[in-house]
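For the sequence shown, counting from 1, position 44 maps to 44 in UniProt numbering; every step adds exactly one. Some notes on the structure that comes next.
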Amino acid sequence: MKIFLMIIVNVILPVFILIGIGAFIHRKYKLDLNTLSKINNYLLMPAVSFVNIYQSEIRGEALLTIIGFLLLQNGCLILLSSTVAKISRFDRSLSATFKNSVVLNNSGNFGLPVSQLVFQHNPLGASIQVIVTIFQNFITYTYGLMNSASVHTKRSTAIKSFLKNPIFFALLLGLAFQMTAIKLPSFLWTPIDNISSAFIAVALITLGAQSAYLRINQFSLPLLLSLIGRLIISPMIALALILSLKLDGTTAQALFIASSFPSSRNSALFALEHGNHPSYAAQTVLLSTLFSSLTVTLVVYLSKVLFY
């Protein structure tokens, strides 16, 4: 119980305080969400990705293990969500949004800050979350985008969108510097490190601002299934895979925690852009973020108990 309370106080509470501050400031001053989003995506997330990979000790075999795990986990989620959508007889539009709400998670604005706090004294854990974030970006702009746009978006267009993402290049650059043991001069490292340090606060304030005006109109069956799939079934699948693959230590902790994050805001953006039940998608993002304060706390606690 003591560890559980420590996680709530030291990890989850700081996250939701910053989210609350973001929501309050946006309601009062109407922040420019487009600018905040660009700062996060094109400056802060690439910087924190580079710093964590540059300082990490992840090698080829470990990287392959992480990617293999993510392929299996997301494959299971895609198969499960597709089956549930078919059994529930969702129409094509609702099915696309439901599947995205389960498969795509907020590994950036939510996941990276949580991992930075959980693994603040363990660079390997934060580095694994960076790889998870890169992988989620790939899934988002391939499977997620094509799933939402259906036949209207070409596969090549989605892949090009991913390859233009600066986080992808920050990962490659970080790996190159780490593998070659090149040490950055202080005049370059200091600004990069300072930008990286700003990530947690700005990312969570942005998430709060994005959630400030979301409303819950009704608690529908698709909404309930989305919450169960994203917050409960996803960590259960991850735990089964971790045990099956006999992963342990920081790697097992980081991957288990990464599986528990709430639905990605991109699922709501895709739904809005393509007219696939945008209200339901936005409600899923809001409620999964709120309920994740409980589920992520439990998963972090279990990760420390099971894979200490």
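Even glycine gets a Cβ: it sits at the ideal position worked out from N, Cα and C.
query, result
"C-beta atoms of S82 and K99 nearer than 8 Å", "yes"
"N10 burial status per 10 Å Cβ neighbour count (16 or more: buried)", "exposed"
"Backbone CA spacing between S244 and I66 [nearest angstrom]", "14 Å"
"Through-space distance from T289 to V15, alpha-carbon basis", "11 Å"
"Sequence-distant residues of the same chain with beta carbon closer than 7 Å to V118, five excluded per side", "V11, G125, I257, V300"
"Start and end residues, alpha helix (DSSP H) containing T97", "92 to 103"
"Which residues DSSP lists as bridging residue 315, in chain order", "This structure leaves residue 315 out entirely; the chain is present only between 1 and 308."
"Residues of its chain near Q253, where Cβ-Cβ distance is below 6 Å and the 5 sequence neighbours each way are ignored", "S303, F307"
"Whole-angstrom distance between S127 and Q210, CA atom to CA atom", "26 Å"
"Chain-order list of residues whose beta-carbon lies under 6 Å from that of V132 (same chain, five-residue window excluded)", "S107, A258"
"Beta-carbon contacts of I232 that lie in its chain and below 8 Å, excluding the five residues immediately before and after", "T295"
"Coil, strand or helix - I182 by DSSP", "coil"
"Contacting residues, own chain, Cβ-Cβ under 8 Å from L173 (five flanking each side not counted)", "F50"
"L286 to L214 span [Cα, whole Å]", "7 Å"
"Cβ contact (3+ pairs, closer than 8 Å) linking the segment 169 to 183 and the segment 70 to 86", "no"
"Three-pair Cβ contact test at 8 Å for the segment 134 to 147 versus the segment 174 to 182", "no"
"Three-state class that DSSP yields for V151 in the structure shown", "For V151, the pLDDT reaches just 39, beneath the cut-off of 50, and the residue's location in the model is therefore unreliable, leaving the point undetermined."
"Buried/exposed call for V305, threshold 16 Cβ in 10 Å", "exposed"
"R121, buried or exposed, once every other Cβ within 10 Å from all chains shown has been counted against 16", "The question names Arg, but residue 121 is His in the sequence shown. Label assigned to H121: exposed."
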